[in-house]
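**Q**
Residue numbers (UniProt numbering): 1 to 95.
1. Going by alpha carbons, who is nearest to residue 6 out of 51, 32, 16, 47?
2. Quick one: residues in its chain with C-beta nearer than 6 Å to the C-beta of residue 56, no 5 flanking neighbours on either side, listed in chain order?
3. Taking the C-alpha atoms as reference points, what is the distance between residue 13 and residue 22?
4. Straight-line CA distance for residue 10 to residue 53?
5. Tell me the residue span of the beta strand (DSSP E) that contains residue 66.
6. State the Cα-Cα distance for the pair residue 28 and residue 60, rounded to the nearest angstrom.
7. With distances taken Cα to Cα, identify the nearest neighbour of residue 41 among 32, 49, 8.
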């Protein structure tokens, strides 16, 4: 079995395809025949940041840790480009 654990409170979030939290934003993602097990967090919030552990119940146990950083989208936008000043020149028709 593959489990996802949130380390902040050692809460077991998922085991296999089952979710063990009342927070419906957490969802285990696994395609049949694939070795990949992903944890989807819908609408992540800053409070979701931290260490998550993916555990495989083998002997010995296999696990990997993921550090999730959640940033505010607006904080990450680059500054808006500024337009160069418009230079106006007078044309001299006579030349």
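Glycine is no exception: its CB is placed at the ideal position from the N, C-alpha and C atoms.
**A** The short version:
1. 51
2. 2, 62
3. 9 Å
4. 9 Å
5. 62-68
6. 23 Å
7. 49
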